[in-house]
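Numbering-wise, this note's numbering puts 126 at position 135 of the sequence shown, and it's gapless, one number per residue.
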Amino acid sequence: MTINFKHVLSQKYIYIAVLSACLIAAAAFAVLSILITRDSRRNNEEFARKTFVRKYETVEKEFRNIEDYQYLLRALIQKDGLKNYREYSAVLNDINRKRNLLPYSWYSYYNAISGKSENNSLLSDVFRKRGRENGYVKIKNNGSGHFSDLLITRKDSTYWVSYDSIVLPRKDILYYGSAVSLDDLHQYFINVDKTPNNYAYVFTKEGICITHPEKKYIGKNIFDFTNIKPKDTVCSTTQLGYTEGSTISEYLNVEVTRFVKPLKTDNFEGYAVVNHVNFLIDESVNRTKTYTVYIFLAALFLIVTVFILFYRFTNSAYKEKEKIQSDKNLLLIENEKMHKAEALNQLQQLKNNINPHFLFNSLNSLYMLIGINKENARKFTMNLSKIYRYLIVPPKENIVPVAQEISFIQQYMELLKSRFDEELSFTLIINNTESLEKKIPYLSLQMVTENAIKHNIATIDHPLEISITVEENGITVKNTWQPKTDEAVQGEKFGLDYLNQVYDYFKNNSVNISVDSEYFICFLPLLE
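(1) Using C-beta distances below 7 Å, list every residue in its chain close to I294, excluding the 5 sequence neighbours before and after it, in chain order.
(2) Report the CB separation of V393 from S426 in whole angstroms; it is logged as a contact under 8 Å.
(3) Considering only residues of the same chain and omitting the five flanking positions on each side of N266, which have a CB-CB separation below 7 Å?
(4) Report the rounded CA-to-CA distance for D147 versus V82, giving the unit in angstroms.
(5) Rounded to whole angstroms, what's the CA-CA distance from I363 to N499? Just pull it up for me.
(6) When you compare only the Cα positions, how much space is there between K445 and Q473?
(7) Is it buried or exposed, A170, if we count other Cβ atoms within 10 angstroms and call 16 or more buried?
(8) Under 8 Å by Cβ, that's how I've got N84 and F259 pegged, so tell me the actual separation to the nearest angstrom.
(9) Using DSSP bridges, identify the partner residues of D140.
(10) What is the rounded straight-line gap between the Cα of P253 and the Cα of K129?
(11) Are the beta-carbon atoms belonging to H459 and L419 less than 8 Å from one another?
(12) Taking the C-alpha atoms as reference points, what is the distance between D257 and E58?
(13) Report the rounded CA-to-CA distance for Y233 versus A39, giving the unit in angstroms.
(14) Using the beta-carbon count (16 or more within 10 Å), is F149 buried or exposed?
(15) Apart from the five residues just before and just after K220, which ones in its own chain have a Cβ nearer than 8 Å to its Cβ?
(16) In the DSSP assignment, find the unbroken alpha helix (DSSP H) run with N447 in it and report its ends.
(17) Might you give, ordered along the chain, the residues of its own chain that have their beta carbon closer than 7 Å to the beta carbon of L288, omitting 5 neighbours on each side?
(18) For the alpha helix (DSSP H) holding R380, just list the boundary residues, first then last.
(19) Could you pull the DSSP bridge partners for C13 from this structure?
(20) By DSSP, does A368 sit in helix, in strand, or in coil?
(21) Can you tell me whether E53 is buried or exposed, with buried defined as 16 or more other CB within 10 angstroms of its CB?
(22) Among the residues of its own chain, which have a CB less than 8 Å from the CB of F371, if the five just before and after it don't count?
(23) Tell me which same chain residues have a C-beta within less than 6 Å of the C-beta of E235, skipping the five on either side of it?
(24) Mark F511 as exposed unless 16 or more other C-beta atoms lie within 10 angstroms of its C-beta, in which case mark it buried.
(25) Applying the criterion that 16 or more other CB atoms from any shown protein chain within 10 Å of the CB defines a buried residue, is H177 buried or exposed?
(26) Going by C-alpha distance, which of I421, F417, N102, N110 is nearest S80?
(27) In the DSSP output, what is C200 paired with across the bridge?
(28) Can you tell me which of the three DSSP states N35 falls into?
(29) Name the two residues that bound the continuous beta strand (DSSP E) containing I164.
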C-alpha cells in the first residue's frame, strides 16, 4: 500500500492535525485536571483526617489530665482527714503555675454553726448562693468520677468548675475541686497543636458548648448557633467512630470539613468537634492546575512548532519530487504515444496487405473453378464483385460490428459454395444476440475460414465441416481436423499475426487456438 504524502502533508491536513493536537491537549488537560483535583482533594481530605485525629487526641489528653488532677486532689484531702487541705491547695496551685498547667485548686469551708464560709477563690461564692441559678450552668454527667461540673462566668471569663464535697460530723461542709479557664483551655489547644487550618471545640451530650474560639458561644446550646443535628452525634454506627461532612463555619463563615467524635472520660460525657478549613485545599488544587496549564501550553506550542517546521521541510522536498515525477510522466506519455503511432503504422501496413491478399486468394479460387465448372465460375465472379464492395473502404481502426462481419461471412461462404459443393459444409449458430452489437477484428472470420480451407482436405468422401458459434464473450470457429500433408501453403501465418496485433493494440486477450482429435478450434474474443 502506497501513501500519498502530497495529500497527507497538504495545508488542509496540517491544519486538521494541529487542531486535533489542540483538542487532544485540551481533553488531556481536562482529564488531568479532574484527576489532579480528585487526588489533591483526596490527599487533603486524608490530611484533614490526620489533623483531626491529632487535635482530638490533644483535647482528650487535656481532659484526662484535668480529671487526673481532680483525683489527686481528692486523694490528698481524704488522706489526712481534712487537716491540711489549705496547704495542699496552695502547694498544688504553686506547682501548676510553674508547670503552666491549666487547672488550679480551690476550696470552700462552710461552718454550719456560724453560717460563714472560708475559701480561697471567688468562684466558691456559688456555694454560698446555692439558692440562685444566676451565674452558672450545671453540667450533667453520669461518669464514675462522681464529680459535679459547673460553668461559671466571672468578669467576662468563663470557668469550668469540677468539685466534690465532704460533710463533717458537725454538719460542716468542705467543698473542694479544680477550675479551668475556658479561654486558657482553648489557647492551650492552639499552642499544643499549631495547625493553622483547623480549630476545635467541645460540647456536652446535652449540647452545652464547653470551649469555643468565639467566647460568646461558650455556655450556649450548640444546636442553636450551628447546623449540627442530633444525627451527626450518632457515631456508633460509623466504621471509624466519627461523622464527617462539609458545612459553613459559624466562626469563620467559610466552607469547612467538620468532624464530630464522642469525648468521654470518667467525669465527662460530650463531643469534640474539629473544623478543617477547605479553602486551603482549593488553593492547593488551583496552584497545581495553574502549573499544569503552563506545562500543557508549552507542550502544545512545541507540538505546533514541530508540525509547522516538518510541514515546510517536507513540502519543499515533495514539491521537488513531484516535479521530477511530472517530468517522468511526460516522458512516459510521449513514449506511449510513440508506441501507439508505431502500432497504428503496423496496422495500416497490414490493412494495405489485406485487400491484395484476399483478391489474390479469390482469383486463385476462380482460376481453379474455371477448370472445373465454368457456370459456377461465372456465379463466383458475380458474388466476388458483390462482396468486394465490403473490401473497398476498410474500417479506420480495423474493427467492425459482429453483425456486419457475420453478414459478410455468409456472403463469402455462398461464394465458396460455388467452388465447393458437397465437399464443404457450413453452419452458423447465434447463442447470444446481444453479442452482435459488440465488435471483432475486420475480416477475422474470413481469415479463419480461409485458413481452414487452405490447410485441410475437402472431398466428397471427407467433406470439410465449418461451424461459427456466437457466444457471450467471443466467437468460436470450428472445423474438422484433416490437414494436408503433401504440400506447403504460403502465407499460413499472415492471418494469425494480423489478428494478434489487432487484439494487442486494444489490450485484449489474443486469439486462442486449440486442436483435439477431430476438430481445429479457434476462439476470437469480442471487443466492447
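Every residue gets a Cβ at the ideal spot worked out from N, C-alpha and C, and that includes glycine.
Result, derived from the coordinates:
(1) If you number the sequence shown from 1, residue 294 lands on position 303. So the list reads A12, once near-sequence residues are dropped.
(2) For the purposes of this step, residue 393 is taken as the residue at position 402 of the sequence shown. For the purposes of this step, residue 426 is taken as the residue at position 435 of the sequence shown. Contact holds; Cβ gap of about 6 Å.
(3) Translated into positions along the sequence shown, residue 266 becomes position 275. Only N189, Y190, S240, V247, R249 meet the Cβ criterion.
(4) Taking the first residue of the sequence shown as 1, we reach residue 147 at position 156. Taking the first residue of the sequence shown as 1, we reach residue 82 at position 91. In a straight line, the C-alpha of D147 is about 28 Å away from that of V82.
(5) To locate residue 363, count along the sequence shown from 1; it is residue 372. To locate residue 499, count along the sequence shown from 1; it is residue 508. The alpha-carbon atoms of I363 and N499 are separated by roughly 43 Å.
(6) Reading the sequence shown from its first residue, position 454 is the one you call residue 445. Reading the sequence shown from its first residue, position 482 is the one you call residue 473. Going from the Cα of K445 to the Cα of Q473 covers about 11 Å.
(7) Here the question's residue 170 lines up with position 179 in the sequence shown. Answer is buried; the Cβ neighbour count reaches 16.
(8) The residue given as residue 84 occupies position 93 in the sequence shown. The residue given as residue 259 occupies position 268 in the sequence shown. In this structure N84 is not in contact with F259, their Cβ atoms being roughly 22 Å apart against a cut-off of 8 Å.
(9) By one-based count along the sequence shown, residue 140 stands at place 149. Its beta-bridge partners are I130, S153.
(10) Against the sequence shown, residue 253 aligns to sequence position 262. Against the sequence shown, residue 129 aligns to sequence position 138. Computed Cα separation, rounded: 20 Å.
(11) By one-based count along the sequence shown, residue 459 stands at place 468. By one-based count along the sequence shown, residue 419 stands at place 428. The amino acid occupying residue 459 in the given sequence is Ile; His does not appear at that position. The answer is yes: Cβ separation under 8 Å.
(12) On the sequence shown, residue 257 is found 266 positions in, with the first residue counted as 1. On the sequence shown, residue 58 is found 67 positions in, with the first residue counted as 1. Computed Cα separation, rounded: 8 Å.
(13) Numbered from 1 along the sequence shown, position 242 holds the residue referred to as residue 233. Numbered from 1 along the sequence shown, position 48 holds the residue referred to as residue 39. Approximately 13 Å, taken between the alpha carbons.
(14) Position 158 of the sequence shown, counted from the first residue, corresponds to residue 149. With the sequence shown as reference, residue 149 is identified as Thr, and Phe is not the correct amino acid for it. Its Cβ being crowded by 16 or more others within 10 Å, T149 is buried.
(15) On the sequence shown, residue 220 is found 229 positions in, with the first residue counted as 1. Excluding sequence neighbours, K220 sits near F214.
(16) Translated into the one-based positions of the sequence shown, residue 447 becomes position 456. Unbroken run through N447: none, as it is neither H nor E.
(17) Here residue 288 refers to the residue found at position 297 of the sequence shown. Counting only residues of its own chain and dropping the five nearest sequence neighbours on each side, L288 has no CB closer than 7 Å to any other CB.
(18) What you label residue 380 is simply residue 389 of the sequence shown in a count that begins at 1. Taken as a continuous stretch (DSSP letters only), the alpha helix (DSSP H) holding R380 covers 380 to 383.
(19) In the sequence shown, counting from the first residue as 1, residue 13 sits at position 22. According to DSSP, which records beta bridges pairwise, C13 is partnered with nothing at all.
(20) By 1-based counting over the sequence shown, the position of residue 368 is 377. DSSP places A368 in helix when its eight states are reduced to three.
(21) As a working note, residue 53 is residue 62 in the sequence shown. Flag for E53 reads buried.
(22) Locating residue 371 in the sequence shown gives position 380, where the first residue counts as 1. If you ignore the 5 residues before and after F371, its C-beta comes within less than 8 Å of the C-beta of S356, L357, L360, L406, S409, R410, all in its own chain and listed in chain order.
(23) Locating residue 235 in the sequence shown gives position 244, where the first residue counts as 1. F250, listed in sequence order.
(24) Counting from 1 along the sequence shown, the entry for residue 511 is found at position 520. When all chains shown are included, F511 counts as buried.
(25) Residue numbering aside, residue 177 sits at position 186 when the sequence shown is read from its first letter. Buried, by the Cβ-count rule.
(26) Looking up residue 80 in the sequence shown gives position 89. For S80, the closest of I421, F417, N102, N110 by C-alpha to C-alpha distance is N110.
(27) One-based indexing of the sequence shown puts residue 200 at position 209. DSSP, once it has assigned bridges, lists F194 as partnering C200.
(28) Against the sequence shown, residue 35 aligns to sequence position 44. Reduced to three states, the DSSP call for N35 is helix.
(29) Position 173 of the sequence shown, counted from the start, is the residue given in the question as residue 164. Element bounds for I164: 164 to 172.
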